[in-house]
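Numbering (our numbering), first residue to last: 9 to 193. Note that beta-carbon positions come from the ideal geometry of N, C-alpha and C, so glycine has one too. Right, one structure below, let's go through it.
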């Protein structure tokens, strides 16, 4: 078997289409927005000005205090499944409890171990009541789907637009509906 040397590999990466399909996204101005799929405009909503509409990755209803962070969270080593406490000392929410709350994080950080930690928290009853993310998060959705099959309960997971997600910063309490609508309380 013949392997390409590092210089050849770097040259192939610089060629047009060198990494076809990996990391290729439309430019921000060219992305399509479809209201029928739950996507919304990026204009932030003010509390009390109406509902935030997102895409329900895992349908369900929940209500509680919003625990908001603009930083992604690693559940592996960052969330204690026994107590529901955020134990990542470098995270802005360190020391806070996520159990029973509406956790608003832009995404998860890390790997599929997020799913394992979250499954254990759901089993113990120390998981957040719902997850609101900036765009889809497959690890949170996977954990909720598996928990629904194993434990017959799962927190809703809703993907919001960037503007609606940022509006959560000013919302102390929210209700998540099965349709993906988030209402300020």
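For residue 152, the uninterrupted alpha helix (DSSP H) segment begins and ends at 146-159. Taken through DSSP and simplified to helix, strand or coil, residue 79 comes out as coil. As the crow flies, the alpha-carbon of residue 167 is around 10 Å from that of residue 149. Our two residues, residue 135 and residue 171, have alpha carbons roughly 26 Å apart in a direct line. Distances from the alpha-carbon of residue 157 to those of 130, 71, 190 put 130 closest.
Boundaries of the beta strand (DSSP E) around residue 112: 110-112.
Beta-bridge pairing by DSSP links residue 189 to 61. Rounded to the nearest whole angstrom, the CA to CA distance from residue 90 to residue 127 is 11 Å.
Around the C-beta of residue 163, 16 or more other C-beta atoms lie within 10 Å, and the residue is accordingly described as buried.
If you draw a straight line from the Cα of residue 101 to the Cα of residue 94, it is about 7 Å long. In this model, residue 187 and residue 107 are separated by some 23 Å (Cα to Cα).
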